[in-house]
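Participant: In full-length UniProt numbering, the protein residues as written are 1 to 336.
Encoded structure:
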């Protein structure tokens, strides 16, 4: 299969110009995954070098064991964060299409929500707060649909941003903080008219997460494209394009447990300023649809004893994804 280095690009003319810009997002590895991908011209993602994680990253395979929600964790661990729509600017109004979204904050088991309908944001954006209980966290999701029956249909890039800081205020104790990142995404396109003058249809969803220093924690991307060919980099194998064919449905889902050892006084920050969640699409004569949903929550906080403290740079790997996580090559983010 081809690897991620040099994605095929769409033409930057007519109404497609607005969303064919490069999107330098983030990336990562995976574990519990369910996928559907169609089959022809695989694209590539640029490659680079992967940085080893200073914190332990545990990839857990299997069914989700729900934490005891609203149970407070040790107050020496202070976790602050946010979720927001498009920190670089207001979302564009869709053209002959519909778009919606939602950001969510869970604090002490209480959920607050801000919605996106068209280009209108209803509620507080960003949603920020201090997480104090197991199950607390933030969520981002988007939906988009277009039908180019009488005119082209466009949803420009919808961006969602996460940020999270983890501070150990203890002067003596180390803590192992486990975060759970869940995601699902699906894109679909149908071409109604095939001609030399038709720009075709595409729908693109992408999920990524990095530490503030750029270390990659997660990457998954799906592009359904009726003209230039499909691309999919799975949650469980994000170094290789696994899709082929022209258009149709692509989907992926899974969860990742991120385990970070915080020594006394240590601060760790997630989110490097680039969007973690992306959805966009367009149709010249046919249909497109896409949806992406993510949730980042506190799974557990465990005080460490001499017997339980792992090596700070140890990677705790369970199940699939070992080869891709330790691979020395990675890639730049642009998929168009």
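Cβ coordinates follow ideal geometry from the N, Cα and C atoms, glycine included.
Chain B beta carbons: is any one of them nearer than 8 angstroms to that of residue 110?
Facilitator: Although the question refers to chain B, the structure presented lacks it and comprises just one protein chain.
Participant: Put residue 80 into one of helix, strand or coil per three-state DSSP.
Facilitator: Correct three-state label for residue 80: strand.
Participant: Please go through the stretch 102–161 and give each complete alpha helix (DSSP H) segment of 4 or more residues, from N-terminal end onward.
Facilitator: Runs found: none.
Participant: Under 8 angstroms by Cβ, that's how I've got residue 276 and residue 161 pegged, so tell me the actual separation to the nearest angstrom.
Facilitator: Indeed, because the Cβ distance is near 6 angstroms, the residues count as touching under 8 angstroms.
Participant: Do three or more CB pairs link the stretch 154–169 to the stretch 232–248 at distances below 8 angstroms?
Facilitator: No, the stretch 154–169 does not touch the stretch 232–248.
Participant: Shortest alpha-carbon distance to residue 263 belongs to which of 295, 177, 194 and 246?
Facilitator: The candidate whose alpha carbon is nearest that of residue 263 is 177.
Participant: What's the call for residue 104, buried or exposed, on a 16-neighbour Cβ count within 10 Å?
Facilitator: Its Cβ being crowded by 16 or more others within 10 Å, residue 104 is buried.
Participant: Counting Cβ pairs, one atom from each stretch, are 3 or more of them under 8 angstroms apart for the stretch 174–192 and the stretch 281–298?
Facilitator: Yes, since at least three Cβ pairs between the stretch 174–192 and the stretch 281–298 fall closer than 8 angstroms, the two stretches touch.
Participant: Rounding to the nearest angstrom, what Cα-Cα distance links residue 347 and residue 232 in this structure?
Facilitator: This structure does not reach residue 347, given that the chain is present from 1 up to 336, and the question cannot be answered.
Participant: What residue does the beta strand (DSSP E) around residue 302 start on, and which one ends it?
Facilitator: First-last of the beta strand (DSSP E) with residue 302: 287–303.
Participant: Considering Cα atoms alone, identify which of 202, 130, 226 and 211 is closest to residue 73.
Facilitator: Minimum Cα distance to residue 73 is reached at 130.
Participant: Return helix, strand or coil for residue 182, following the three-state DSSP convention.
Facilitator: Residue state, collapsed to three classes: strand.
Participant: Taking the alpha carbon of residue 200 as the reference point, which residue from 169, 166, 175 and 247 has its own alpha carbon closest?
Facilitator: It is 247 whose Cα lies nearest to the Cα of residue 200.
Participant: Should residue 94 be labelled buried (16 or more other beta-carbon atoms within 10 Å of its own) or exposed?
Facilitator: It is buried - the Cβ of residue 94 has at least 16 other Cβ atoms within 10 Å.
Participant: Note down the Cα distance separating residue 179 from residue 138, rounded to an integer number of angstroms.
Facilitator: Cα-Cα distance, rounded: 11 angstroms.
Participant: Can you check which of these residues, 224, 260 and 253, is closest to residue 243 by C-alpha distance?
Facilitator: Checked all of 224, 260 and 253; the closest Cα to residue 243 is 224.
Participant: Among the residues of its own chain, which have a CB less than 6 angstroms from the CB of residue 204, if the five just before and after it don't count?
Facilitator: Hits under 6 angstroms: 223 and 280.
Participant: Quick one: what's residue 211 bridged to in DSSP?
Facilitator: According to DSSP, residue 211 bridges with 270.
Participant: Using the three-state DSSP reduction, which class does residue 240 fall into: helix, strand or coil?
Facilitator: If DSSP states are grouped into helix, strand and coil, residue 240 belongs with the strands.
Participant: Could you check what DSSP says for residue 277 in three-state terms: helix, strand or coil?
Facilitator: Three-state result, residue 277: strand.
Participant: Using 10 angstroms around the beta-carbon of residue 150, count the other beta-carbons present and answer buried if the total reaches 16, otherwise exposed.
Facilitator: Exposed, because fewer than 16 other Cβ atoms sit within 10 Å of the Cβ of residue 150.
Participant: Can you tell me which of the three DSSP states residue 93 falls into?
Facilitator: Of the three classes helix, strand and coil, the one that applies to residue 93 here is coil, per DSSP.
Participant: With distances taken Cα to Cα, identify the nearest neighbour of residue 75 among 175, 249 and 126.
Facilitator: Out of 175, 249 and 126, 175 has the C-alpha closest to the C-alpha of residue 75.
Participant: Going by DSSP, which residues form a beta bridge with residue 99?
Facilitator: Paired residue(s): 144.
Participant: Count the other C-beta atoms from every protein chain shown that fall within 10 angstroms of the C-beta of residue 213, then say buried if there are 16 or more, exposed otherwise.
Facilitator: Classification for residue 213: exposed.
Participant: Just how far apart, CA to CA, sit residue 79 and residue 227?
Facilitator: Between residue 79 and residue 227, the C-alpha separation is close to 45 angstroms.
Participant: Based on Cα-Cα distance, which residue from 245, 229 and 251 lies nearest to residue 221?
Facilitator: It is 251.
Participant: Taking all protein chains shown into account, decide if residue 301 is buried (16 or more other Cβ within 10 angstroms of its Cβ) or exposed.
Facilitator: Residue 301 comes out buried.
Participant: Is it right to say residue 133 is buried, meaning 16 or more other beta carbons lie within 10 angstroms of its own, or is it exposed?
Facilitator: By the neighbour-count rule (16 or more Cβ atoms within 10 Å), residue 133 is buried.
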